[in-house]
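Enquirer: There's a structure below that I have some questions on.
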Amino acid sequence: MNHLKKTNHQASRESFRDSILSPKRPSAILALVLMLFMLTVIVGGCTQSGDEARQQIIVESLDEAAGQAEAGTQGQAGGGKAAGMADRAADNNDSSEAVREPATTIELTDMMGREIKLDAPAERIVVLAASDCEILYAIGAGETLVGRGEYCDYPEEIFNVPSVQSGSETNIEQIIALQPQVVVMSIMSQTKEQVAALESAGIKVVAMNAQDIESVYTAIELLGKVVGRSAEASILINDMKTAFTDISTKAVNASASASETETIYFEVSPLEYGIWTAGSDTFMNELAAMLGMKNAFEDIQGWGEISQEQVIERDPDHIVTIAMYFGEGKTPVEEIMGREGWQGIKAIKNKMVLNVDSNEISRPGPRLTKALSAIYEFIYEEN
Amino acid sequence: MKEKSEGFKPFYYLLFTAITLAVMVLSICAGSVNIPLKDTLTAVVNAILNLPIEEGAQSIIAFVRLPRVLCVALVGAALSLCGGAMQGLLRNPLADGSTLGVSSGASLGAVIAIAFGLYIPRLEALGTMGMAMLFAFLSLVIILSITYRLDYSLSTNTIILIGVIFNMFANSIISLVVAFAGERIKSIMFWTMGSLSGSSYSNALTLLIALLVFGAAILCCSRELNAFAIGEDNARHIGVNVKRIKMIVLISVSALIGVCVSIGGTIGFVGLVIPHMTRMVTGPNHKRLLPASIFTGAAFLMLADLIGRVLLKPLELPIGVVTSFIGSIAFIYIFYSSRKAR
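Same order as they appear, the protein sequences are chains A and B.
My numbering puts the first sequence at residues 1 to 383.
My numbering puts the second sequence at residues 1 to 342.
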């Protein structure tokens, strides 16, 4: 090579440029790789410290909130974080601190049958499933949340909480960095390995598995225990039960006059992408029963793709779609009403097609009552 | 040597048409709902004559099953024709929309259109379709130009390698778009699974027009494709306008794949396997192979769709699952038996 004859200094400088382009000098490449490695470490370190700084801020703001609560100025300032039904809980009690049960060991069995011991009600929680986040806010424990799964989007305040990746891409590092005492995850979307990894980092894991409405109550009860708000949890459960029974009684009375049980067809995915419906073992199936109706696709287990032919043949009395509308083109209801070949279906003839918020109806959380009352009002009250 | 007509004889046309029609009748009669033959017949006749159609069973046939079978047949025909033409043009037995990454490119275009809500008022489907066609063509151009720079002879290995890599590239971008799409993620996830279940007559008409225009363009090149099969230089030496033919075939193929993907999602294996199976009957002459592929492709996809509709009823099996399953087994069988015979 030419430049080997030049002075050492020059040569190394020029050959460095060469070495990037040609793999002739392994040592130079090694140096490059090392440099890159160092760079990543430095950059990584920076973001790490950035994270720490942010965390510090979060911790401080949390402390501040707690301080405010202790000073008796809680009322609206701290309570603003808790939403919806939490307001009711706050009404019953003057201060959220008073609600906390005395700090004794809490023993609970999670929905995987694992026994968990907590020294005190958890004050720093990471929740990965959207439904569990909703429950936490509904029992007025939203301020214990230090991290949320990326799909947790209700109530609005939750967006102030840092999000972590959930599901199969759950980022264990992110979670550990948030220093939670407890991580609440749904075993539907998480793996045992993830549970083990978190537990070896000294974090308690509470596994949730709500497949029907009865187990939603169990989940609420569990979360109530975790944050030491069992009283609010039972209020929430009772509220839900009352709401369900109220609507159900009204619906069953109203439908009693019908000569035969009316059917309801749930559309999970619109026709454009192949229609999917919810069969037995889904919340939608349970809701149909509460309304005194029969799910048109009871014979299907869970969710499944079906053909239009089946829907036309089964001729449902009501259609509930959970398609999302993005504000352009036809609305989901208009699209269903206009489908070719569907015009003979009873639901289309009687204009009994309703679009329900998919998050309300498919999440095992407190908003299931909203979904039920939306369907009830549409079927029995608007017409 | 005895002079043989190299064209497609009327007898063969009749035979292939008869087989395709038989499969079509079977597909229309059978389905996830059992409908009496009389109703089926009335519905089909009324649908063709534009007469009013009774509700219930007849409307299932006329508005759901018939348009779906038509769309499936047309998609099958188009994909199979594209596969046959690409295999001839690139002298590559593994060339096909899905192996070359053209289908993924088309998917990417459609996913972008869905994710960012690109659509033309009153013609909602056109945004997706236009993007799918554009991206199918762009991916074909990218893949082929990279391959050309690496290997002028467009050898099998190079082109498949680039195709597979492009496939992964397109899929990674799809994942990226999905990550940014937020709420729309659900629509996209269902879309990428591919479905012809919501086919309408207007879809069938779009497919038919595309097949008539671009299919005819490809068929007109079958003589030149025969020359390509021996070698590109060879074709040039005997006076084929290599550049022009290439452009015609590539544009037609990407347009057809774009339309098919935007209507039915990615359906693998049809374009790869069917031309090979057809070639065993007709021989390698493109004048016979390409028209025959249209019929066999249509028949194959209709059968696959029928299996998907009936096997797990009332559930549906995605058509891509059925084609890949049957196609890969059939492919291995053909490959094995033809090697053994040699």
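Using N, Cα and C, we set each Cβ at its ideal position, and we do this for glycine too.
At a CB-CB cut-off below 7 angstroms, which residues of chain B make contact with residue 340 of chain A?
Expert: One-based indexing of the first sequence puts residue 340 of chain A at position 340. The contacting residues are 63 and 200.
Enquirer: For the segment 312 to 331 of chain B, which residues have a CB atom closer than 9 angstroms to at least one CB atom of chain A, in sequence order?
Expert: Taking 9 angstroms as the upper bound on Cβ-Cβ separation, chain A lies near residues 312, 313, 314, 315, 316, 317 and 318 of the segment 312 to 331 of chain B.
Enquirer: Could you pull out every residue in the same chain whose Cβ sits closer than 6 angstroms to the Cβ of residue 48 of chain A, ignoring the five residues on either side in sequence?
Expert: Locating residue 48 of chain A in the first sequence gives position 48, where the first residue counts as 1. With a pLDDT of only 41 at residue 48 of chain A, under 50, the local geometry of the prediction cannot be trusted, and the value read off the model is given with reservation. Answer for residue 48 of chain A: no residue qualifies.
Enquirer: Within this structure, are the beta carbons of residue 35 of chain B and residue 53 of chain B separated by less than 8 angstroms?
Expert: Reading the second sequence from its first residue, position 35 is the one you call residue 35 of chain B. Reading the second sequence from its first residue, position 53 is the one you call residue 53 of chain B. Not a contact, by the Cβ cut-off of 8 angstroms.
Enquirer: Out of B/270, B/219, B/285 and B/282, point me to the one whose CA is closest to residue 304 of chain B's CA.
Expert: On the second sequence, residue 304 of chain B is found 304 positions in, with the first residue counted as 1. If you compare the alpha carbons of B/270, B/219, B/285 and B/282 with that of residue 304 of chain B, the shortest gap goes to B/270.
Enquirer: Which one of A/180, A/208 and A/143 has the shortest CA to CA distance from residue 129 of chain A?
Expert: By one-based count along the first sequence, residue 129 of chain A stands at place 129. Ranking the options by Cα distance to residue 129 of chain A, first place goes to A/208.
Enquirer: Which of the three DSSP states, helix, strand or coil, is assigned to residue 43 of chain A?
Expert: Working through the first sequence from its first residue, we reach residue 43 of chain A at position 43. Caution applies to residue 43 of chain A, whose pLDDT of 47 falls short of 50 and renders its modelled position unreliable; the model cannot decide the point.
Enquirer: Under 8 angstroms Cβ-Cβ, which residues of chain B neighbour residue 275 of chain A?
Expert: For the purposes of this step, residue 275 of chain A is identified with residue 275 of the first sequence, where counting begins at 1. Simply 197 and 198.
Enquirer: Answer with yes or no whether the minimum CB distance from residue 362 of chain A to chain B is below 8 angstroms.
Expert: By 1-based counting over the first sequence, the position of residue 362 of chain A is 362. False, the Cβ-Cβ gap to chain B never drops below 8 angstroms.
Enquirer: So, is the C-beta of residue 312 of chain A closer than 8 angstroms to a C-beta in chain B?
Expert: Walking along the first sequence from the start, residue 312 of chain A turns up at place 312. So, interface residue.
Enquirer: When you compare the CB positions of residue 388 of chain A and residue 33 of chain B, do they come within less than 8 angstroms of one another, or not?
Expert: Nothing in the structure corresponds to residue 388 of chain A, since chain A is present only between 1 and 383.
Enquirer: Would you identify the three-state DSSP class for residue 323 of chain A, choosing helix, strand or coil?
Expert: Taking the first sequence and counting its residues from 1, the one referred to as residue 323 of chain A is at position 323. Reduced to three states, the DSSP call for residue 323 of chain A is coil.
Enquirer: Could you give the distance in angstroms between the alpha-carbon of residue 42 of chain B and the alpha-carbon of residue 58 of chain B?
Expert: For this step, residue 42 of chain B is matched to residue 42 along the second sequence. For this step, residue 58 of chain B is matched to residue 58 along the second sequence. Near 8 angstroms, if we compare the C-alpha coordinates of residue 58 of chain B and residue 42 of chain B.
Enquirer: Helix, strand or coil for residue 325 of chain B per DSSP?
Expert: For the purposes of this step, residue 325 of chain B is taken as the residue at position 325 of the second sequence. DSSP places residue 325 of chain B in helix when its eight states are reduced to three.
Enquirer: Quick one: which chain A residues come within Cβ less than 7 angstroms of residue 60 of chain B?
Expert: Indexing the second sequence from 1 puts residue 60 of chain B at position 60. By Cβ distance, chain A contributes 309, 312, 313 and 341.
Enquirer: Report the start-end ranges of each beta strand (DSSP E) in the segment 128 to 152 of chain B that is 3 residues or longer and not cut off at the edges.
Expert: none
Enquirer: Between B/127, B/93 and B/88, which has its C-alpha nearest residue 107 of chain B's C-alpha?
Expert: Residue numbering aside, residue 107 of chain B sits at position 107 when the second sequence is read from its first letter. Nearest option by C-alpha distance: B/127.
Enquirer: Can you tell me whether residue 220 of chain B is buried or exposed? The criterion is at least 16 other CB atoms within 10 Å of its CB, across all chains shown.
Expert: Here residue 220 of chain B refers to the residue found at position 220 of the second sequence. So residue 220 of chain B counts as exposed.
Enquirer: Which partner residues does residue 183 of chain A have in the DSSP bridge list?
Expert: As a position in the first sequence, residue 183 of chain A is number 183, starting the count at 1. For residue 183 of chain A, which the question treats as bridged, DSSP gives the partners A/126 and A/205.
Enquirer: Which residues, taken in chain order from the segment 25 to 36 of chain B, show a beta carbon closer than 8 angstroms to some beta carbon of chain A?
Expert: Contact annotation: in the segment 25 to 36 of chain B, residues whose CB is within less than 8 angstroms of a CB in chain A are 31, 32 and 33.
Enquirer: For residue 264 of chain A versus residue 231 of chain A, is the C-beta spacing smaller than 8 angstroms?
Expert: The residue labelled residue 264 of chain A in the question sits at position 264 within the first sequence. The residue labelled residue 231 of chain A in the question sits at position 231 within the first sequence. Going by C-beta atoms, residue 264 of chain A is not nearer than 8 angstroms to residue 231 of chain A.
Enquirer: Taking the alpha-carbon positions, what's the residue 142 of chain A to residue 133 of chain A distance?
Expert: Translated into the one-based positions of the first sequence, residue 142 of chain A becomes position 142. Translated into the one-based positions of the first sequence, residue 133 of chain A becomes position 133. If you take the alpha carbons of residue 142 of chain A and residue 133 of chain A, they lie about 8 angstroms apart.
Enquirer: Quick test of your reading: residue 222 of chain B and residue 268 of chain B, contact by CB under 8 angstroms. State the CB separation rounded to the nearest angstrom.
Expert: On the second sequence, residue 222 of chain B is found 222 positions in, with the first residue counted as 1. On the second sequence, residue 268 of chain B is found 268 positions in, with the first residue counted as 1. Not really, about 25 angstroms apart at Cβ, beyond 8 angstroms.
Enquirer: Residue 229 of chain A to residue 260 of chain A, Cα distance in whole Å?
Expert: Within the first sequence, numbered from 1, the residue matching residue 229 of chain A stands at position 229. Within the first sequence, numbered from 1, the residue matching residue 260 of chain A stands at position 260. If I take the Cα positions, the gap works out to 45 angstroms.
Enquirer: Counting only C-beta atoms, is residue 283 of chain B closer than 8 angstroms to chain A at any point?
Expert: Indexing the second sequence from 1 puts residue 283 of chain B at position 283. It does not; no Cβ of chain A falls within 8 angstroms.
Enquirer: Restricting to runs no shorter than 3 residues, where is the beta strand (DSSP E) found entirely within the segment 124 to 174 of chain A?
Expert: Under the rule that a run must span 3 or more residues, the beta strand (DSSP E) segments found entirely inside the segment 124 to 174 of chain A read 125 to 127 and 145 to 149.
Enquirer: Using the three-state DSSP reduction, which class does residue 98 of chain A fall into: helix, strand or coil?
Expert: One-based indexing of the first sequence puts residue 98 of chain A at position 98. Confidence in residue 98 of chain A is poor, its pLDDT being 46 and thus under 50, which makes the residue's placement unreliable; the coordinate value appears in the next sentence. In the three-state reduction of the DSSP assignment, residue 98 of chain A falls in the helix class, which pools H, G and I.
Enquirer: Counting along the chain, where does the beta strand (DSSP E) carrying residue 117 of chain A start and finish?
Expert: As a working mapping, residue 117 of chain A is identified with position 117 in the first sequence. Residue 117 of chain A -> beta strand (DSSP E) spans 115 to 118.
Enquirer: I need the straight-line Cα distance from residue 251 of chain B to residue 137 of chain B, nearest angstrom please.
Expert: In the second sequence, counting from the first residue as 1, residue 251 of chain B sits at position 251. In the second sequence, counting from the first residue as 1, residue 137 of chain B sits at position 137. C-alpha separation (whole angstroms): 7 angstroms.
Enquirer: How do the segment 300 to 316 of chain A and the segment 331 to 345 of chain A stand: do at least 3 beta-carbon pairs fall below 8 angstroms, yes or no?
Expert: yes
Enquirer: Measure from the alpha carbon of residue 68 of chain B to the alpha carbon of each residue in B/261, B/28, B/282 and B/40, then state which is nearest.
Expert: One-based indexing of the second sequence puts residue 68 of chain B at position 68. When each option's Cα is compared against that of residue 68 of chain B, the closest is B/28.
Enquirer: Going by Cα to Cα distance, which pick from A/188, A/194, A/189 and A/157 is closest to residue 175 of chain A?
Expert: One-based indexing of the first sequence puts residue 175 of chain A at position 175. Among A/188, A/194, A/189 and A/157, the Cα nearest to that of residue 175 of chain A belongs to A/194.
Enquirer: Can you name the start and end residues of the beta strand (DSSP E) that residue 278 of chain A belongs to?
Expert: Position 278 of the first sequence holds residue 278 of chain A. From DSSP, the beta strand (DSSP E) with residue 278 of chain A extends over 276 to 278.
Enquirer: Closer than 9 angstroms, Cβ to any Cβ of chain B: which residues of the segment 293 to 305 of chain A, in chain order?
Expert: 297, 299, 300, 304 and 305
Enquirer: Give the interface partners of residue 309 of chain B over in chain A, defined as CB-CB distance under 9 angstroms, in chain order.
Expert: In the second sequence, counting from the first residue as 1, residue 309 of chain B sits at position 309. By Cβ distance, chain A contributes 307 and 309.
Enquirer: Within 10 angstroms of the Cβ of residue 192 of chain A, are there 16 or more other Cβ atoms? Answer buried if so, exposed if not.
Expert: Translated into positions along the first sequence, residue 192 of chain A becomes position 192. Classification of residue 192 of chain A: exposed, given that the 10 Å Cβ count is below 16.
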